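*Asks:* For the sequence shown, our numbering gives the first residue as 2, with consecutive numbering after it. A virtual CB, placed ideally from N, CA and C, is assigned to each residue, including glycine. Note that this is a predicted model, so its numbers are computed, not measured.
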Amino acid sequence: MWENLILDVQDGLAFVTLNRTKQLNALNEKLAVELGECADKIIQEQDKIDVVIIAGSGDRAFVAGADIGEMLRMDPQQAIAFARLLHQTNTKLDSLPQPVIASINGFCLGGGNELAIACDIRIASDKSKFGQPEVGLGITPGAGGTQRLPRLIGPGRAKYMDYTGEIIDAKTALEWGLIDILVPEAELKDKVLAVAKKIQSQRRFAVRQVKQCIRLGKDAALEAALEIEVQAFSMCFTHPDRTEAMGAFVNKSKK
Ligand code: HXC
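1) Note down, in chain order, each residue of its chain lying with its Cβ closer than 6 Å to the Cβ of THR22, except the 5 sequence neighbours on either side.
2) Quick check on this structure: which residue in GLY13, ALA27, TRP3 has the alpha carbon closest to the alpha carbon of GLY37?
3) Which residues in the same chain as ILE102 place their Cβ atom closer than 8 Å to its Cβ, once the five residues preceding and following it in sequence are excluded?
4) Would DSSP call THR18 helix, strand or coil?
5) Skipping 5 residues on each side, what residues in its chain have a beta carbon closer than 7 Å to that of ALA84?
6) Any contact of the region 123-141 with the region 165-175, i.e. 3+ C-beta pairs under 8 Å?
7) Are the beta-carbon atoms belonging to GLN99 and ARG209 less than 9 Å from one another?
8) Compare the C-alpha of CYS237 against each of ARG204, ALA82, LEU110, ILE105 and name the closest.
9) Going by DSSP, which residues form a beta bridge with ARG123?
10) CA-CA distance, ASP95 and LEU116?
11) State the Cα-Cα distance for the pair GLY248 and LEU14, rounded to the nearest angstrom.
12) Using a Cβ-Cβ cut-off of 8 Å (strictly less than) and excluding sequence neighbours within five positions of ARG149, which residues of its own chain qualify?
13) When you compare only the Cα positions, how much space is there between LEU25 and VAL231?
14) Is PHE238 helix, strand or coil when you go by DSSP?
15) Consider the C-beta atom of GLU115 and the heavy atoms of the ligand HXC; say whether any pair is separated by less than 8 Å.
16) Mapping DSSP to helix, strand and coil, what is LEU110?
17) Pull up the DSSP beta-bridge partners for ILE182, would you.
18) Quick one, which of LYS49, CYS214, LEU175, LEU97 has its alpha-carbon nearest ASP12's?
19) Measuring from the CB of ILE146, is there a heavy atom of the ligand HXC at a distance below 8 Å?
20) What three-state label does DSSP hand GLY132 in the structure shown?
21) Can you look up ASP170 in the DSSP assignment and give me helix, strand or coil?
22) Could you compute how far the alpha carbon of LEU86 sits from the alpha carbon of GLU245?
23) Is any heavy atom of the ligand SAM found at a distance shorter than 8 Å from the C-beta of ILE140?
24) What do you get for ALA62, buried or exposed, if any count of 16 or more other CB atoms within 10 angstroms of its CB means buried?
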């Protein structure tokens, strides 16, 4: 269906593979558009899809950044359009009803790191490498590296990554909170699947409420954010999952 990515839905899990293996899955405009279309499809199929897993094809990279050859030919107006396109795509993924896991094996650079940090959970192999090398190319990170990144790992470490362009290893990324789980390369697929299935085994409505609470609350003032939490909690009391799950617990305890 798409030229640069594959969507494979199995047993309620959507596997999205960014498929520009030779270019280390560099994000060109076409891939970014296709990723947005893929996200739309995942929204349409939300009754069938519980968790989304995004990975790069091959074993060398998640995404080695935006496509440098394409950016070389851009004028300032085209650069605005490209940055907006990547923001739209990342925000679409961030706001999907389903949790999104980035499965990272290899280079996760520039626009690739920015895509990964728009996902809900990052699980990476020990051979992964992370960086925002844009300043070395004479540009700023344009898809969240100056905004989402400091919100995730703090301004000091984000500035370190953005100013130096240094590539950090997976152990450092874990220490800095850039990734959430670190595993040996051979265990990556199993770990990602186990986490996805663990989420899938929970009550779907509640999981989705949690995602929106954290997403909407993280940039709000605490009082407003806590009210978002109260409303989500109360919404769960309108859903049959709650009566069913609590009822099952109570009835089991009585036996
Ligand atoms: C286009 C890329 C690419 C990229 C790799 N390739 N990264 N093409 N854009 N970002 C291509 C190479 O040209 C090469 O193609 C093939 O992939 C394999 O890469 P090599 O360089 O031969 O591999 P290696 O020597 O192992 O080095 C790997 C690497 C290096 C360290 C990841 O490729 C690299 O530095 N890439 C650029 C990383 C980067 O600067 N990313 C940030 C981009 S700016 P051929 O045809 O020669 O085999 C950005 C901005 C986002 O992301 C914000 C936009 C709004």
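*Replies:* Answer, in terms of the structure:
1) SER58, GLY59
2) TRP3
3) VAL52, VAL53, ILE54, ILE55, CYS120, ASP121, ILE122, ARG123, ILE124, VAL193, VAL196, ALA197
4) strand
5) GLY143, ALA144
6) yes
7) Contact: yes.
8) ARG204
9) ALA103
10) 9 Å
11) Inter-residue distance for GLY248 and LEU14 is about 28 Å (C-alpha atoms, whole angstroms).
12) ASN91, GLU115, ILE118, ALA119
13) Going from the Cα of LEU25 to the Cα of VAL231 covers about 44 Å.
14) If DSSP states are grouped into helix, strand and coil, PHE238 belongs with coil.
15) Short note on GLU115: C-beta closer than 8 Å to some heavy atom of the ligand HXC.
16) The answer is strand: DSSP assigns LEU110 an E or B state.
17) ILE124
18) LYS49
19) According to the sequence shown, residue 146 is Gly rather than Ile. At least one heavy atom of the ligand HXC is nearer than 8 Å to the Cβ of GLY146, so yes.
20) strand
21) Looking at ASP170 - three-state DSSP - the assignment turns out to be strand.
22) 42 Å
23) Because the ligand SAM does not appear in the structure shown, any question about it cannot be addressed here, the ligands present being the ligand HXC.
24) Residue environment: ALA62 is assigned as buried (16 or more neighbouring CB atoms within 10 Å of its CB, all protein chains considered).
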